[in-house]
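Engineer: Before I ask anything, here is the structure I am working with.
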Amino acid sequence: MISGIYKVFFLGLLFSVWKILAKRYLHPLSRYPGPFLWSVSRAPYATAYAQGKLHKRIQRLHDQYGQVVRVAPDELSYQNEEAWKDIYGPSRNFPKDMRFYHMSKSKAPSVVVAPDSIHGRQKRAILRAFSVSALESHERLLCPFVDTLIQMLHPKAGNKQRVVDMTEWYNYVMFDFMAFELFGESLHCLEKGASHTWVDMLFGSIKAWAFLSQSKYFPSLSWIIKAAVFLLRRDLFQHRSTKFAFISSKVHEDSVSESNHPNFGTYIRASNDHKSTLSREEILSNYSFMMMAGSETTATLLSGCTFFILKHPEIYQKLSFQIRHRFSSRIEITFSSLADMPYLRAILQESLRMYPPLPLGMPRVVPKGGALVSGQFVPENTSVAVASWAAYQCSSNFRDPQSFIPERWLDTDIGGDDVKEAMQPFSTSIWGGQLNPSPINMGV
């Protein structure tokens, strides 16, 4: 009896070892370099992701192994400019790896996770809210929030002994603005000088959702992970339902009201063409996405930009001099006037490189038949992504990559050898590689 148990145990162990060795040496991706544990198990990747350290771990792997690294049994990470076009180019048709993306509580997918058959229609509808005429209305809505931010910070600036957390204040202004833009009602964080419950719960849920997203890679353990997160953070699920109910009610109010101030929804519903309109369920899921994408990511960029400007007095003095000599009053500072300030634009570009709101790659799946990525054949069903942080911190792409040098984005010799195409902060977004920086310029 005992010998039979030993035989079963030994055979099980032998089979496990065989599976591990097969993943490492017999897998179609075995020719790609990468650490042993990462190539035979998803666990190292998932652990680093849940800890919020994945972007730095992948950067170190690229430093060690080169331009392409096998970061999971079925996933490759890239950091060169050619991979951007090969993976995310409009003619490539690499579908999203849905294991990576978080689904909304809405019955319809948002533009981020929508399949190709739906994505184009949603994108056309949302892009109407970023047209030239739409940006003019956004400016009228944003300026009062910027003015309020300055008023709230002015008395604090006189106290040299007091530390002001600008990240908090940037989140206040952006969440207030986006709530007003989307729902016609501010969260009033700025006036109160305090965060809203919704914002607190949103940030508190990030780690929980990180665990839940990684559970998709472990089907046999998925229910255990979900149950553990639900038991430990039941409040997050309650908040999710409350948030969804709030958005649903506001979308209904906005659709039946006549607002004197065109907002995001006004432009989304502007067309009667069924090829570029959103259903109510699609509006719900996209509003939930835009509330986060339009506020937290912008606040993150502004925080990083402020840090680097203050860390380099010479940059602060040069930018301050240009702004003060260009504008004699607050009224003159507009989206259009700020667009004609190349040094400000260069500072924002360099801030995006040094402190990207999305430091990880957004995985896509190689379609049937395989495809060439960065000059090498990759088999079908392989997950591929360009690691933004690793690409931006790579010395092959940027000279002195760990230094904040805005001049590299100007027409100077300083950035002459930089591979600027390696930086594509919005290539995986609905904007297709471009984002109007006017609201961010105004914030700076």
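For any residue, its number in this note's numbering is found by taking its place in the sequence shown, counting from 1, and adding 16. No residue lacks a Cβ here, since even glycine has one placed at the ideal position from N, Cα and C.
What residues match up with H88 in a beta bridge as DSSP calls it?
Structural biologist: On the sequence shown, residue 88 is found 72 positions in, with the first residue counted as 1. Note that residue 88 is Ala in the sequence shown, not His. In DSSP, A88 forms a bridge with E91.
Engineer: If you run the structure through DSSP and keep just helix, strand and coil, what is K139?
Structural biologist: In the sequence shown, counting from the first residue as 1, residue 139 sits at position 123. In this structure, K139 counts as helix in the three-state DSSP scheme.
Engineer: Is R156 helix, strand or coil when you go by DSSP?
Structural biologist: Here residue 156 refers to the residue found at position 140 of the sequence shown. R156: helix per DSSP, three-state reduction.
Engineer: Since A8 is in the alpha helix (DSSP H), which residue starts that stretch and which ends it?
Structural biologist: It is not possible to answer for residue 8, since the shown part of the chain is limited to 17 through 460.
Engineer: So, at 7 Å on beta carbons, what are the nonlocal neighbours of G386 in its own chain, with the 5 sequence-adjacent residues on each side left out?
Structural biologist: For this step, residue 386 is matched to residue 370 along the sequence shown. Closer than 7 Å at the Cβ level, and outside the excluded window around G386, lie F393, V394, P395, E396.
Engineer: If you draw a straight line from the C-alpha of V272 to the C-alpha of I263, how long is it?
Structural biologist: Position 256 of the sequence shown, counting from 1, holds the residue named residue 272. Position 247 of the sequence shown, counting from 1, holds the residue named residue 263. Residue placement at V272 is poorly supported in this model, since its pLDDT is 47, which falls under 50; the coordinates still yield a value, given next. Between V272 and I263, the C-alpha separation is close to 14 Å.
Engineer: Helix, strand or coil for S8? Go by DSSP, reduced to three states.
Structural biologist: Because the chain is modelled from 17 through 460, residue 8 falls outside the range shown and cannot be assessed.
Engineer: How would you call I325, buried or exposed, if buried means at least 16 neighbouring beta carbons within 10 angstroms?
Structural biologist: Start at 1 with the first residue of the sequence shown, and residue 325 comes out as number 309. I325 should be labelled buried.
Engineer: Kindly list the residues whose CB is nearer than 7 Å to the CB of V128, restricted to its own chain and excluding five residues on each side of it in sequence; keep chain order.
Structural biologist: Locating residue 128 in the sequence shown gives position 112, where the first residue counts as 1. These residues qualify, in order along the chain: Y117, F305.
Engineer: Taking the CB atoms as reference points, tell me whether N413 and N187 lie closer together than 9 Å.
Structural biologist: Sequence index remark: in the sequence shown, residue 413 carries index 397 (1-based). Sequence index remark: in the sequence shown, residue 187 carries index 171 (1-based). No, the Cβ-Cβ distance between N413 and N187 is not below 9 Å.
Engineer: On a Cα-Cα basis, can you pick out the residue from A88, H71, Q67 that is closest to H43?
Structural biologist: Mapped onto the sequence shown, residue 43 falls at position 27. Among A88, H71, Q67, the Cα nearest to that of H43 is on A88.
Engineer: If A62 and Y233 are in contact, beta carbons under 8 Å, what's the gap, nearest whole angstrom?
Structural biologist: On the sequence shown, residue 62 is found 46 positions in, with the first residue counted as 1. On the sequence shown, residue 233 is found 217 positions in, with the first residue counted as 1. Indeed they touch by this definition, with Cβ atoms about 6 Å apart.
Engineer: Using a 10 Å radius around the Cβ and a threshold of 16 neighbouring Cβ atoms, would you call I207 buried or exposed?
Structural biologist: As a first step, residue 207 is located in the sequence shown; it is residue number 191 there, counting from the start. The question names Ile, but residue 207 in the sequence shown is Glu. It is exposed - the Cβ of E207 has fewer than 16 other Cβ atoms within 10 Å.
Engineer: How big is the Cα-Cα spacing for A66 and G105?
Structural biologist: To locate residue 66, count along the sequence shown from 1; it is residue 50. To locate residue 105, count along the sequence shown from 1; it is residue 89. The alpha-carbon atoms of A66 and G105 are separated by roughly 29 Å.
Engineer: Once DSSP output is grouped into helix, strand and coil, what is the label at S229?
Structural biologist: Looking up residue 229 in the sequence shown gives position 213. Of the three classes helix, strand and coil, the one that applies to S229 here is helix, per DSSP.
Engineer: When you compare only the Cα positions, how much space is there between K384 and H135?
Structural biologist: Translated into the one-based positions of the sequence shown, residue 384 becomes position 368. Translated into the one-based positions of the sequence shown, residue 135 becomes position 119. K384 and H135: Cα-Cα distance of roughly 20 Å.
Engineer: What is the DSSP secondary structure of V272, counted as helix, strand or coil?
Structural biologist: By one-based count along the sequence shown, residue 272 stands at place 256. Any reading at V272 needs caution, since the residue's pLDDT is 47, under 50, leaving its predicted position unreliable; the model's value is listed next. Three-state DSSP puts V272 in a helix.
Engineer: What did DSSP end up calling Q392 once you bin it into helix, strand or coil?
Structural biologist: The residue labelled residue 392 in the question sits at position 376 within the sequence shown. Q392: strand per DSSP, three-state reduction.
Engineer: Looking at the strands, I want to know which residues DSSP matches up with A401.
Structural biologist: Here residue 401 refers to the residue found at position 385 of the sequence shown. Per DSSP, S93.
Engineer: Is Y41 buried or exposed, if buried means 16 or more other CB atoms sit within 10 Å of its CB?
Structural biologist: Sequence index remark: in the sequence shown, residue 41 carries index 25 (1-based). So Y41 ends up on the exposed side.
Engineer: Whose C-alpha, out of R380, R140, F442, I36, is nearest the C-alpha of L92?
Structural biologist: Within the sequence shown, residue 92 is the residue found at index 76, counting from 1. Of R380, R140, F442, I36, the residue nearest in Cα terms is R380.
Engineer: Skipping 5 residues on each side, what residues in its chain have a beta carbon closer than 7 Å to that of T350?
Structural biologist: One-based indexing of the sequence shown puts residue 350 at position 334. So the list reads E155, once near-sequence residues are dropped.
Engineer: Terminal residues of the continuous alpha helix (DSSP H) containing E201?
Structural biologist: By one-based count along the sequence shown, residue 201 stands at place 185. Here E201 belongs to no alpha helix (DSSP H), and DSSP marks it neither H nor E.
Engineer: Quick check: what's the CA-CA separation for S229 versus A261?
Structural biologist: Along the sequence shown, read from residue 1 onward, the residue named residue 229 stands at position 213. Along the sequence shown, read from residue 1 onward, the residue named residue 261 stands at position 245. For S229 and A261, the distance between alpha carbons rounds to 23 Å.
Engineer: Return the bridge partner residues of R380 from the DSSP annotation.
Structural biologist: Sequence index remark: in the sequence shown, residue 380 carries index 364 (1-based). Paired residue(s): K112, V400.
Engineer: Name the two residues that bound the continuous alpha helix (DSSP H) containing E312.
Structural biologist: Translated into positions along the sequence shown, residue 312 becomes position 296. 312-327 is the span of the alpha helix (DSSP H), which, as asked, contains E312.
Engineer: Answer yes if the region 356-368 comes into contact with the region 305-324, meaning at least three C-beta pairs across the two stretches below 8 Å, and no otherwise.
Structural biologist: Yes: at least three Cβ pairs fall under 8 Å.
Engineer: Figure out for me which residue from D427, E298, I331 has the closest Cα to the Cα of A124.
Structural biologist: Here residue 124 refers to the residue found at position 108 when the sequence shown is read from its first residue. It is E298 whose Cα lies nearest to the Cα of A124.
Engineer: Since W54 is in the alpha helix (DSSP H), which residue starts that stretch and which ends it?
Structural biologist: Numbered from its first residue, the sequence shown carries residue 54 at position 38. Start and end: 52-56.
Engineer: Smallest Cα separation from F195: which of G209, V180, W214, A355?
Structural biologist: Looking up residue 195 in the sequence shown gives position 179. One detail in the question is off: residue 195 reads as Ala in this sequence, not Phe. The option with the nearest alpha carbon to A195 is W214.
Engineer: Check whether the region 145-154 and the region 428-442 touch, using three or more Cβ-Cβ pairs below 8 Å as the test.
Structural biologist: Flag = no, the region 145-154 and the region 428-442 do not touch.
Engineer: Alpha carbons only, please: which of E98, A130, W100 is nearest the one belonging to P111?
Structural biologist: As a first step, residue 111 must be located in the sequence shown, where it is residue number 95. Selected option, being the one with the closest Cα: A130.
Engineer: Can you tell me whether A210 is buried or exposed, with buried defined as 16 or more other CB within 10 angstroms of its CB?
Structural biologist: Position 194 of the sequence shown holds residue 210. Under this definition A210 is an exposed residue.
Engineer: Rounded C-beta distance between R86 and L45? I'm assuming under 8 Å.
Structural biologist: Mapped onto the sequence shown, residue 86 falls at position 70. Mapped onto the sequence shown, residue 45 falls at position 29. With a Cβ gap of about 5 Å, R86 and L45 count as contacting.
Engineer: Does DSSP put M439 in a helix, in a strand, or in coil?
Structural biologist: What you label residue 439 is simply residue 423 of the sequence shown in a count that begins at 1. In the structure shown, M439 sits in coil (DSSP, three-state: anything other than H, G, I, E or B).
Engineer: Taking the beta carbon of Q409 as the centre, do at least 16 other beta carbons fall within 10 Å, making it buried, or is it exposed?
Structural biologist: Start at 1 with the first residue of the sequence shown, and residue 409 comes out as number 393. It is buried - the Cβ of Q409 has at least 16 other Cβ atoms within 10 Å.
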